[in-house]
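Written out below as structure tokens is the structure these notes cover.
Below, the structure is given as structure tokens:
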């Protein structure tokens, strides 16, 4: 399988579903990847010596005027004819050698491994400014942001929190919340093998939807057919497009196509999952009959019973029991009867006598009438017809349960609501056409996971234990489907069962295994972008093999995750990785200064670096060319580069500079000072503590005695906060937003479930993808299937009346904003809701944005505060 070059750069968007390998590759193969991406240039007449036996590689340093080897350079010296060509050469991959910085008191022995390809003998990162000094020209391969999960622009950041994709803007304010339930995804099957995105778009247009081609993914299944997945930001898309397709089928159009809704749940660890909730399992008894075989002694009857139980008659396993018959007054002799059940409806005397000969041959056989006269196929047609009356039935597959008198069928509906209706309407009901035998219908819930092969291999023993326990305790199946396509790096796991709570329990246990153990250093995720370099990937692979575990490089979330069944190995590898990352973050990087960049550094750039990095930033003017050395991680290097390229800021007076040395929060000399873009100074701890309260959202500067009001943008917050503190701030902002918007969002009513959902007035059912609980989005309770919201409220009205009596007796009032009950026991009439923080006048129950506004109202409207 070809290695994924985007994964090594931390930019692969497909995760576990990527068709290319996410394993560490052989260094020689990695070089081939680089060579294929290099643009081709015609060699010039400038003398230079190309690589021996290798491809013709252009010297990017010559293009920028900094190659010190001249004609002795091993790479081609091509004179760029235009600025565009110059930039194209600059896009060649950067291959630098890392210089390890080792403190005197450090006992660490690791050194960052240098990449294999080293065109220069020193660590160099070339940054140049254009001649007009207004628009900096930066090599494209250097202009990369630190690895993160951000999916938005520079001034926005997105996170998956509590089942929602949340976008944050300046000040860490919530800009947008998107739920899985806001989208609708379908899978289109039966397409021609040559179908493409354009063809699928045309089909959807015929079905009444104009869908952007970017929302369509087509996958070829070989020479026979292909499937397409379509995702639309419309929760009713799957339902409506299915209805339109059925109308097309009635007209004899698009009859080969089928459309199935796909329910996706939140990601879990290194995998994502797909939820299937529109299937029901049906069971009923086949037509059968009973036979009675009389014997003169119990021994003969027992021998006959043993003989029949060892055989199958017409593929049925027989149920045998012995009955004692007491004689009459005239004939007191005791006889014994062998009763044989579960016989096929067509079983004859000859079928039984063929198995009983000699001493076990009965004195006669009496056969009962079949329970009903329908064949297996006919009984399945009857059940299928009942399900079709419900509506939305897409497929029906039946089979006889081996050795049993039962039939079983799996029925797939177009939507969960139809499957739930089939259960309510038909479960445990008698079917007259089948001799009043009962039909049993159960909702089948299944969750499918695509998990990296390395994780499966490392956790196989724990997965096997969970499989056995789940089946033994609650009849929940956990199946593994080994990958047959060697090009795909993942294995499929499937959890399924008929009891929702049992499936949810097994699902939670499996996701706990798939979450792995995050490598943590100083209460935050241990991470460095160099973990994605080739040498480090090889090191992680060797470490995994040595300790029999798997280390997952989660570039999206900037973290390492270990999968191991051995606590001892886990602890040892955690220690090794923490030391490795610590050493990486003590690496010295040199930035070569062009004349323009040197000027920028001397006119404010170096001051910004010192303010941010302290003694870790050093200017070396005696070297040729002049350089700035940054001791830190790759992220620090990128940040330093950005600071150097900022517009020059001139500090007008020394007084202003000295004044800003005091922290604007504690008014003391700043400890580990942070200088904001608006020119104010914070202690690192004071700034971090500001993020602890949701009242600080949006994050503003407290400078100039709280008059500054500068709102920190996302890039500033990333720079001034540790990754852990930033995540805590975003979580706090999210929690505050949900509390303050109860009319839009609510938490799942299941205890300890963090999932949120969007409320509605129509009473739509929301299926929580975390705990699998259906929730009524209008009543905000566990879904009352088969009952309207009004009927449900009437049913629970007695409890509601009792609660209303209690509220009246104890003066409990609902918050006008979020409807949470509030009780006043002392103090003034200014009340603050502890749930949504609304400021309320207890006299008239008006809501205000702040305490002073509320007091002003009470003084003016009511004359006092009490």
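Residue numbers (our numbering): 1136 to 2001. Note that beta-carbon positions come from the ideal geometry of N, C-alpha and C, so glycine has one too. Small disclaimer: the values here were computed from a predicted structure and weren't measured.
Rounding to the nearest angstrom, what Cα-Cα distance links residue i and residue j in this structure?
i            : j            : result
residue 1685 : residue 1954 : 49 Å
residue 1308 : residue 1833 : 5 Å
residue 1596 : residue 1700 : 8 Å
residue 1885 : residue 1919 : 15 Å
residue 1989 : residue 1965 : 7 Å
residue 1588 : residue 1417 : 35 Å
residue 1538 : residue 1448 : 9 Å
residue 1915 : residue 1924 : 10 Å
residue 1476 : residue 1516 : 25 Å
residue 1612 : residue 1639 : 12 Å
residue 1993 : residue 1957 : 19 Å
residue 1726 : residue 1752 : 11 Å
residue 1959 : residue 1869 : 28 Å
residue 1296 : residue 1648 : 20 Å
residue 1780 : residue 1698 : 41 Å
residue 1264 : residue 1772 : The predicted position of residue 1264 is uncertain, since its pLDDT is 29 and thus under 50; no value can be drawn from it.
residue 1391 : residue 1383 : 11 Å
residue 1226 : residue 1555 : Residue confidence for residue 1226 is low, a pLDDT of 43 falling below 50, so the modelled location carries little weight; the figure read from the coordinates is stated next. The alpha-carbon atoms of residue 1226 and residue 1555 are separated by roughly 57 Å.
residue 1427 : residue 1625 : 56 Å
For residue i, which of the options has the nearest alpha-carbon?
i            : options                : result
residue 1544 : 1522, 1985, 1595       : 1522
residue 1582 : 1568, 1607, 1627       : 1627
residue 1311 : 1472, 1293, 1536       : 1293
residue 1508 : 1876, 1762, 1479       : 1479
residue 1877 : 1713, 1537, 1972       : 1972
residue 1908 : 1429, 1445, 1361, 1580 : 1580
residue 1961 : 1977, 1949, 1982       : 1977
residue 1860 : 1820, 1379, 1645, 1844 : 1820
residue 1814 : 1846, 1828, 1343       : 1846
residue 1429 : 1394, 1455, 1448       : 1455
residue 1984 : 1875, 1936, 1879       : 1875
residue 1822 : 1802, 1830, 1856       : 1856
residue 1314 : 1305, 1306, 1301, 1321 : 1301
residue 1742 : 1854, 1778, 1764       : 1778
residue 1367 : 1350, 1693, 1380       : 1350
residue 1904 : 1369, 1331, 1397, 1389 : 1397
residue 1688 : 1721, 1650, 1718       : 1650
residue 1692 : 1669, 1662, 1298       : 1662
residue 1950 : 1935, 1290, 1755, 1967 : 1967
residue 1671 : 1318, 1828, 1712       : 1712
Quick check on the burial criterion: 16 or more other C-beta atoms within 10 angstroms. Buried or exposed for residue i?
i            : result
residue 1491 : buried
residue 1459 : exposed
residue 1345 : exposed
residue 1614 : exposed
residue 1666 : buried
residue 1461 : exposed
residue 1938 : exposed
residue 1440 : buried
residue 1802 : exposed
residue 1553 : buried
residue 1827 : exposed
residue 1377 : buried
residue 1710 : exposed
What residues match up with residue i in a beta bridge as DSSP calls it?
i            : result
residue 1411 : 1581
residue 1106 : Since the first residue shown for the chain is 1136 and the last is 2001, residue 1106 is missing from the structure and cannot be characterised.
residue 1956 : 1949
residue 1655 : 1660
residue 1764 : 1725, 1753
residue 1575 : 1418
residue 1295 : 1300
residue 1909 : 1902
residue 1615 : 1628
residue 1500 : Paired residue(s): none; residue 1500 is not in a bridge.
residue 1637 : DSSP lists no partner for residue 1637.
Mind checking whether the beta-carbon of residue i lies closer than 7 Å to any heavy atom of the ligand ADP?
i            : result
residue 1643 : As far as ligands go, the structure on display features none, and thus does not contain the ligand ADP.
(message) Does the region 1621–1635 come into contact with the region 1671–1688, if we say contact requires no fewer than three beta-carbon pairs (one atom in each stretch) closer than 8 Å?
(response) no
(message) Does the region 1423–1438 come into contact with the region 1551–1560, if we say contact requires no fewer than three beta-carbon pairs (one atom in each stretch) closer than 8 Å?
(response) no
(message) Can you confirm whether the region 1326–1336 touches the region 1354–1363 when touching is taken to mean that 3 or more C-beta pairs between the two stretches lie within less than 8 Å?
(response) yes
(message) When you compare the region 1590–1610 with the region 1704–1711, are there three or more beta-carbon pairs, one atom per stretch, that lie closer than 8 Å?
(response) no
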